[in-house]
Amino acid sequence: MSEHVLIEREDALLTIRLNRPEKKNALTRAIYGAMAEGLMQAAADDGVRVVILAGGTDFTAGNDITDFAAVGDRPATEPGAAFSFLETIMGFPKPVVAAVRGYAVGIGTTMLLHCDAVVASETARLQMPFTRLGLVPEAGSSMLLPARIGPARANWLLLSGAAFSGAEAAAYGLATRAVPDNEVEPAALEMAHTLAALPPGSVAETKRLIRAPHAAALAEAMAAERVAFGERLRTAEAQAAFAGFLKKK
Ligand code: COA
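All the letters of the sequence shown, read from the start, carry residue numbers 15 to 263 under the working numbering.
Encoded structure:
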């Protein structure tokens with residue numbers, strides 16, 4: 015477990031809360047591992063009906079760029095911690111409700127494509143700055159985002175890395191709802207309670223059916239992204255972008 019992930023349990027709800035506010039909840043390998051562990055714990059516990067994924071004033075500023083920069087220290091064949099977490103959330107059988115405030119950058123945005131309901135603060139700032147970092151999309155977003163919000167918007171957001179608000183995310187259909195910042199957690203809690211009160215077998219089967227038609231294409235997209243992402247991390251373009259960010263500190 016990581017000190018930067020809090021697991022909170024209240025009756026049938028399990029909240030996985032990112033807690034590294036001094037780094038805007040940037041995700042280290044240990045944090046991905048702890049999130050995956052929290053999900054596995056929730057999957058195995060019959061008493062847990064719904065998982066809430068939350069941060070604090072920020073959701074997450076994405077993958078820790080120090081970890082990206084150090085990719086050369088790890089064997090190219092080593093599975094990335096982010097990909098292992100993504101596989102866990104993709105296979106997770108119970109509903110996941112995300113509560114998004116502040117920054118939701120990179121995987122902070124793309125992981126929302128794997129949640130079943132997303133409550134965003136109207137003022138949240140979402141962004142997929144992959145090209146700005148010399149990278150490529152991950153989390154199946156190259157396939158899921160166009161399917162979710164339409165190719166025109168998805169092309170622009172993925173190619174340009176432009177930021178957008180939580181209000182825009184809801185208007186695009188990426189978030190389920192956008193609410194004032196102080197209402198994000200209560201709204202997520204209410205939606206989670208609604209789902210938790212329903213027959214769990216029916217909810218799980220409905221989630222499975224919603225996802226099944228896209229599963230093969232998603233697996234293919236993820237596999238292609240994984241290869242390209244691993245290669246891109248090691249390029250001079252990407253390493254220069256990481257160094258630029260880390261130098262600003
Ligand atoms: N990886 C590592 N550290 C990060 C980080 C990341 N993804 N995001 C933020 N941090 C750190 C900053 O370096 C800073 O650390 P310091 O106080 O030790 O210098 C701290 O978190 C606060 O961030 P800061 O940049 O000062 O806040 P800001 O409000 O000026 O800007 C962001 C917020 C999110 C716009 C900016 O931090 C940012 O661009 N982060 C990188 C986002 C990103 O590209 N993620 C990867 C996507 S694939």
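Built from N, CA and C at the ideal position, the CB exists for glycine as well.
- Find the nearest neighbour of ALA177 within the set GLN141, LEU232, ALA184 and PHE259, judged by alpha-carbon distance. GLN141
- Can you tell me whether SER216 is buried or exposed, with buried defined as 16 or more other CB within 10 angstroms of its CB? exposed
- Query: Mind checking whether the beta-carbon of THR137 lies closer than 7 Å to any heavy atom of the ligand COA?
  - Reply: no
- One or two residues paired with LEU41 in a DSSP bridge: ASN77
- Message: Check for me: the alpha helix (DSSP H) holding VAL198 runs from which residue to which?
- Response: 198 to 210
- Query: Near the ligand COA, which residues have their beta-carbon closer than 7 Å to a heavy atom?
  - Reply: GLU36, LYS37, LYS38, ALA40, ALA75, GLY76, ASN77, ASP78, ILE79, THR80, TYR117, VAL119, GLY120, ILE121, PRO143, PHE144, LEU147, LEU149, PHE259 and LYS263
- Query: Going by the CB atoms, is the gap between GLY47 and ALA96 shorter than 8 Å?
  - Reply: no
- Message: Assess contact between the region 25 to 33 and the region 62 to 70, defined as three or more Cβ pairs (one per stretch) separated by less than 8 Å. Is contact present?
- Response: yes
- Message: Quick check: LEU209 and PRO107, are their CB atoms within less than 8 Å of each other?
- Response: no
- Task: Please go through the region 114 to 186 and give each complete beta strand (DSSP E) segment of 3 or more residues, from N-terminal end onward.
- Result: 117 to 119, 131 to 135 and 139 to 141
- Where ALA189 sits in the DSSP three-state scheme: coil
- According to DSSP, residues forming a beta bridge with VAL111: ILE66 and ALA131
- Message: I'd like to know whether the C-beta atoms of ALA153 and THR190 end up nearer to each other than 8 Å.
- Response: no
- Can you tell me whether DSSP reads GLU22 as helix, strand or coil? strand
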